[in-house]
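Q: Quick mapping for you: the protein sequence lines, in order, are chains A and B. Start counting the first sequence at 0; every next residue gets the next number (numbering that gives the first Met the number 0). Start counting the second sequence at 0; every next residue gets the next number (numbering that gives the first Met the number 0). Virtual Cβ for every residue (Gly too), placed ideally from N, Cα, C. Quick caveat, the model's predicted, so the values are computed rather than measured.
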Amino acid sequence: MIPSFIVENSPALMVIVPLVAAFITPFIGRISSGIRSLWVGGAMAVTSAITLILAFDVYSAGTRLYVFGARAASAAIPPDSGGIPIRIIFEVDPMSALMLVITAVSGFAIVLYSLSSERSHTGLESYYTLYLLMITGILGMVSTGDIFNFFVFLEILSLASAGLIAYRIDGGVAVEAALKYFVLSTIGALAILVAIGIYYGEYNALNMAMIAARMQFSLLDQVALVLIIAALAMKCGAVPMHFWTPDAYSMAPSSITALLVVASQASLYGLFRTVFSLYNVTLNAVTVGWLIIILGVLSMVVGVTMAIPQKNVKRLMAYHAVSQTGYMLLGVGVGLAVLGNQSLLDAFGYMAMEGGIFHIINHAMYKGLLFLTAGAIFLRIGTYNLNRMGGLGHSMKWTMVFFVIGALAIAGIPPFNGFASKLMIYESVFVFNPLLAVIAMVVSILTLASFVKVFHSIFMGPKLPEFADVKEAPMPMLLGMGILALVVVLFGLFPGIVVESLITPAAHALVDQGAYISAVLGGA
Amino acid sequence: MRMSKIVRTGANLLYPFILIFGLYVIMHGHLTPGGGFQGGAVVATAAALVIVAYSYDEVTGMLKKTAMKARESIGLLLFIGAGIAALAVGAPFFYNFLANSGLLFGMSVPAGPNPGDLNTAGVIPIMNIAVGIEVWGGLAVILLYMLSGIRKEES
Numbered sequence: 000m001i002p003s004f005i006v007e008n009s010p011a012l013m014v015i016v017p018l019v020a021a022f023i024t025p026f027i028g029r030i031s032s033g034i035r036s037l038w039v040g041g042a043m044a045v046t047s048a049i050t051l052i053l054a055f056d057v058y059s060a061g062t063r064l065y066v067f068g069a070r071a072a073s074a075a076i077p078p079d080s081g082g083i084p085i086r087i088i089f090e091v092d093p094m095s096a097l098m099l100v101i102t103a104v105s106g107f108a109i110v111l112y113s114l115s116s117e118r119s120h121t122g123l124e125s126y127y128t129l130y131l132l133m134i135t136g137i138l139g140m141v142s143t144g145d146i147f148n149f150f151v152f153l154e155i156l157s158l159a160s161a162g163l164i165a166y167r168i169d170g171g172v173a174v175e176a177a178l179k180y181f182v183l184s185t186i187g188a189l190a191i192l193v194a195i196g197i198y199y200g201e202y203n204a205l206n207m208a209m210i211a212a213r214m215q216f217s218l219l220d221q222v223a224l225v226l227i228i229a230a231l232a233m234k235c236g237a238v239p240m241h242f243w244t245p246d247a248y249s250m251a252p253s254s255i256t257a258l259l260v261v262a263s264q265a266s267l268y269g270l271f272r273t274v275f276s277l278y279n280v281t282l283n284a285v286t287v288g289w290l291i292i293i294l295g296v297l298s299m300v301v302g303v304t305m306a307i308p309q310k311n312v313k314r315l316m317a318y319h320a321v322s323q324t325g326y327m328l329l330g331v332g333v334g335l336a337v338l339g340n341q342s343l344l345d346a347f348g349y350m351a352m353e354g355g356i357f358h359i360i361n362h363a364m365y366k367g368l369l370f371l372t373a374g375a376i377f378l379r380i381g382t383y384n385l386n387r388m389g390g391l392g393h394s395m396k397w398t399m400v401f402f403v404i405g406a407l408a409i410a411g412i413p414p415f416n417g418f419a420s421k422l423m424i425y426e427s428v429f430v431f432n433p434l435l436a437v438i439a440m441v442v443s444i445l446t447l448a449s450f451v452k453v454f455h456s457i458f459m460g461p462k463l464p465e466f467a468d469v470k471e472a473p474m475p476m477l478l479g480m481g482i483l484a485l486v487v488v489l490f491g492l493f494p495g496i497v498v499e500s501l502i503t504p505a506a507h508a509l510v511d512q513g514a515y516i517s518a519v520l521g522g523a
Numbered sequence: 000m001r002m003s004k005i006v007r008t009g010a011n012l013l014y015p016f017i018l019i020f021g022l023y024v025i026m027h028g029h030l031t032p033g034g035g036f037q038g039g040a041v042v043a044t045a046a047a048l049v050i051v052a053y054s055y056d057e058v059t060g061m062l063k064k065t066a067m068k069a070r071e072s073i074g075l076l077l078f079i080g081a082g083i084a085a086l087a088v089g090a091p092f093f094y095n096f097l098a099n100s101g102l103l104f105g106m107s108v109p110a111g112p113n114p115g116d117l118n119t120a121g122v123i124p125i126m127n128i129a130v131g132i133e134v135w136g137g138l139a140v141i142l143l144y145m146l147s148g149i150r151k152e153e154s
């Protein structure tokens, strides 16, 4: 049905298509903006399709290797290299495939939304070029098997994101937010570069499987681990390195904020990949596991308490994003803390990790949806200030429905997807340490309280005179939100199928370092 | 604001030499130190020189932002195109299908010390040229934007 050429080359094509489309976009834009919209939408649809084909192939046929520049895509180790995989390799295992699914679905929904929400703005050729570069960066980050290549894609992502955060200049405030993000990203990227230098000096390899196979966990490796954890925890917005998120998330256009959520999940993926695939049992699992748990608990509590007093709806949602990232760190951190102890891992470790990983995909969907609804409201009434909103439920019914779906999902109310993943985290974390589960539940209740307030001040009440002629959001925007809302509801209704087919393979792929190494280096 | 006649004449004289040197570094990227990025940066300094020597308005007649932006995109597309061409011959992305093929840049390199033949290394020189074009355009755009800010301050 699908040509084998596409399936075989899908890891390369999913990066090539958005890259080529990005650089042709400025030329297409000179013809007409309508053709550009078609071009960008089409390019993103093709990218998503190829990405989903690859993810499906990985889930059904196992880890895929793609060696760039070799004679054959599976020739990881050139015959004259002395057994070292010197080429750039894409290694797509089920964990990467899960991230690919997230990027494909969100990326497509958000581009549909952007085509309508950004229509009246100038500078759109740069907007779409940078948008497609962001997609390229995320897809590359989550599929690469080469740690220097990971750094390159991280930089592509950071540069494109910084440009897009500053897209609406807004009296210089957005530029300030972008500069903050950019400076922090650069510091983070330099820390990662130093860590990569340490690995290269120590193990003569940049391939992640090769480094993992030779990992000693010496003092230098501990330094490198600290650098990478600090940089990537900052990039995913974990407390105490979260201070860029409210600025960047609230000042970027809403469509970009939704994509920034996906981008922060890609950094989270990098963090988990480093800890599990690069180090795995060589590190002191209890210490590092508790470190990640503490980062997670701090993020949950600080995020939600900072969110409650916010007046700007996007700042509020940004703090909630910090808080939700904490759940993922908590879930996977518990899994890490019992790594190496097979009985505990089977008892609750895997389940905690599955909960954390399930929360990644759920968060990307419902948080993206919430940011998109905020953008739709901003498009119609021109403010993010909660005190000036009210009564919009009369005129923006569909937006209200989508907001309710997103808000109930983030608060962990059944039957939405947030409940499914949070329940897995509560149950497994309770066995590990009851106090952590109690904190997680309290944070969830606070989240619900916060969103009840937001819902009430945006949509409830009598119709305000200044918003008398407010209309529903345009169709493409509703369609973009609808895709995400559909995923939220479906994942909430059938969590068993999703966990079994998507999440469990991903969690096992993350834990099973041996399989990750042998996919590149052979059966040794 | 224009510089003195000495500076302008000096810039005129140096301009072609800087271009030639930059293009040399790009073309010999696979043989000597340097390559696309370094050569492109050298070429862009030629643009910086004439912008400094002449006024911004005089230079924009010759160096147009749109042309430089187009150069940036074309360079990147040429680079990716060289990678995609490998897919067309049935090999993975970026496979060096021109090396030792006898076609463009396709001579094989003799073993042992040799003076360095330009016609070798397959797609690597093509990628160097692509990066050279891209960096030329990109750095020139940056220079034009930065120096347009200076002009406003003076007026």
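Whether or not the stretch 6-19 of chain A and the stretch 121-138 of chain A are in contact is what I'm after, with contact meaning three or more pairs of Cβ atoms, one per stretch, closer than 8 Å; do they touch?
A: Verdict: yes, contact present.
Q: Looking only at its own chain, which residues have a Cβ that is under 6 Å from the Cβ of residue 4 (chain B), when we skip the five neighbours before and after it?
A: Excluding positions up to five away in sequence, the list is empty.
Q: Report the rounded CA-to-CA distance for residue 100 (chain A) versus residue 51 (chain A), giving the unit in angstroms.
A: Taking the straight line joining both Cα atoms gives about 6 Å.
Q: Mark residue 136 (chain B) as exposed unless 16 or more other C-beta atoms lie within 10 angstroms of its C-beta, in which case mark it buried.
A: Classification for residue 136 (chain B): buried.
Q: Between residue 35 (chain A) and chain B, is there a C-beta pair that is closer than 8 Å?
A: For residue 35 (chain A), the answer is no, since every Cβ of chain B falls outside 8 Å of its Cβ.
Q: Any C-beta of chain B within less than 7 Å: which residues of the stretch 112-143 of chain A qualify?
A: Listed in sequence order: no entries.
Q: Can you tell me which of the three DSSP states residue 63 (chain A) falls into?
A: DSSP places residue 63 (chain A) in strand when its eight states are reduced to three.
Q: Please check if any C-beta of chain A sits within less than 8 Å of the C-beta of residue 3 (chain B).
A: Not one chain A Cβ lies under 8 Å of residue 3 (chain B).
Q: If we count Cβ pairs, one from each stretch, closer than 8 Å, do we get three or more for the stretch 434-441 of chain A versus the stretch 339-349 of chain A?
A: No contact exists between the stretch 434-441 of chain A and the stretch 339-349 of chain A.
Q: Please look up how many angstroms separate the CB atoms of residue 144 (chain A) and residue 203 (chain A), rounded, as I've assumed it's under 8 Å.
A: Their Cβ separation, rounded to whole angstroms, is 17 Å, which puts residue 144 (chain A) and residue 203 (chain A) out of contact at 8 Å.
Q: What is the rounded straight-line gap between the Cα of residue 7 (chain B) and the Cα of residue 200 (chain A)?
A: Taking the straight line from one Cα to the other gives about 49 Å.
Q: Please look up how many angstroms separate the CB atoms of residue 64 (chain A) and residue 88 (chain A), rounded, as I've assumed it's under 8 Å.
A: That pair is a contact at about 6 Å.
Q: Give the residues of chain A in contact with residue 93 (chain B), contact being defined as C-beta atoms less than 7 Å apart.
A: Simply 67 and 68.
Q: Determine the chain A residues that contact residue 54 (chain B) at a beta-carbon separation under 9 Å, and present them in chain order.
A: Near residue 54 (chain B) there are no residues of chain A at all, since even the closest Cβ is about 27 Å away, more than 9 Å.
Q: Might you give, ordered along the chain, the residues of its own chain that have their beta carbon closer than 7 Å to the beta carbon of residue 93 (chain B), omitting 5 neighbours on each side?
A: The residues are 82 and 85.
Q: What's the C-alpha gap between residue 523 (chain A) and residue 512 (chain A)?
A: Note that residue 523 (chain A) scores 46 on pLDDT, short of 50, meaning its location in the model is unreliable; the coordinates nonetheless yield the value given after this. Cα-Cα distance, rounded: 13 Å.
Q: Below 8 Å on the Cβ atoms is my guess for residue 130 (chain A) versus residue 161 (chain A); work out the distance and round it to an integer in Å.
A: Going by Cβ atoms, the distance from residue 130 (chain A) to residue 161 (chain A) rounds to 13 Å, so no, they are not a contact pair.
Q: Tell me whether residue 332 (chain A) is buried or exposed, calling it buried when 16 or more other Cβ atoms sit within 10 Å of its Cβ.
A: It is buried - the Cβ of residue 332 (chain A) has at least 16 other Cβ atoms within 10 Å.
Q: Please list, in chain order, the chain B residues whose beta carbon lies closer than 7 Å to that of residue 518 (chain A).
A: Those do not exist, as residue 518 (chain A) stays about 16 Å from chain B at its closest Cβ, beyond 7 Å.
Q: So is residue 94 (chain A) buried or exposed if we call it buried at 16+ other beta carbons inside 10 Å?
A: The residue is buried, with at least 16 neighbouring Cβ atoms inside 10 Å.
Q: Rounded to whole angstroms, what's the CA-CA distance from residue 129 (chain B) to residue 474 (chain A)? Just pull it up for me.
A: Near 41 Å, if we compare the C-alpha coordinates of residue 474 (chain A) and residue 129 (chain B).
Q: Check whether the stretch 241-261 of chain A and the stretch 487-497 of chain A are in contact - that is, three or more C-beta pairs closer than 8 Å.
A: Judged by Cβ distances under 8 Å, the stretch 241-261 of chain A makes no contact with the stretch 487-497 of chain A, as fewer than three pairs qualify.
Q: To which residues of the same chain is residue 120 (chain B) closer than 7 Å at the C-beta, ignoring the five residues directly before and after it?
A: Hits under 7 Å: 29, 98 and 104.
Q: Would you identify the three-state DSSP class for residue 7 (chain A), choosing helix, strand or coil?
A: DSSP places residue 7 (chain A) in helix when its eight states are reduced to three.
Q: From the DSSP output, read off the bridge partner residues of residue 90 (chain A).
A: Residue 90 (chain A) pairs with A:64.
Q: Pull out every residue of the stretch 3-16 of chain A whose Cβ sits closer than 7 Å to any Cβ of chain B, in chain order.
A: The residues in question are 8, 11 and 15.
Q: Beta-carbon within less than 7 Å of residue 317 (chain A)'s beta-carbon, same chain only, minus the 5 sequence neighbours each way: which residues are those?
A: Counting only Cβ-Cβ distances below 7 Å, and skipping sequence neighbours, we find 244, 245, 248 and 249.
Q: To which residues of the same chain is residue 147 (chain A) closer than 7 Å at the C-beta, ignoring the five residues directly before and after it?
A: Closer than 7 Å at the Cβ level, and outside the excluded window around residue 147 (chain A), lie 195 and 205.
Q: In chain A, which residues lie with their C-beta within 9 Å of the C-beta of residue 86 (chain B)?
A: Those within 9 Å of residue 86 (chain B) in chain A are 4, 8, 11, 12 and 15.
Q: Counting only C-beta atoms, is residue 68 (chain B) closer than 8 Å to chain A at any point?
A: True, the Cβ-Cβ gap to chain A drops below 8 Å.
Q: Give the single residue among A:519, A:455 and A:419 whose Cα lies nearest to the Cα of residue 403 (chain A).
A: Checking every option, the nearest Cα to that of residue 403 (chain A) belongs to A:455.
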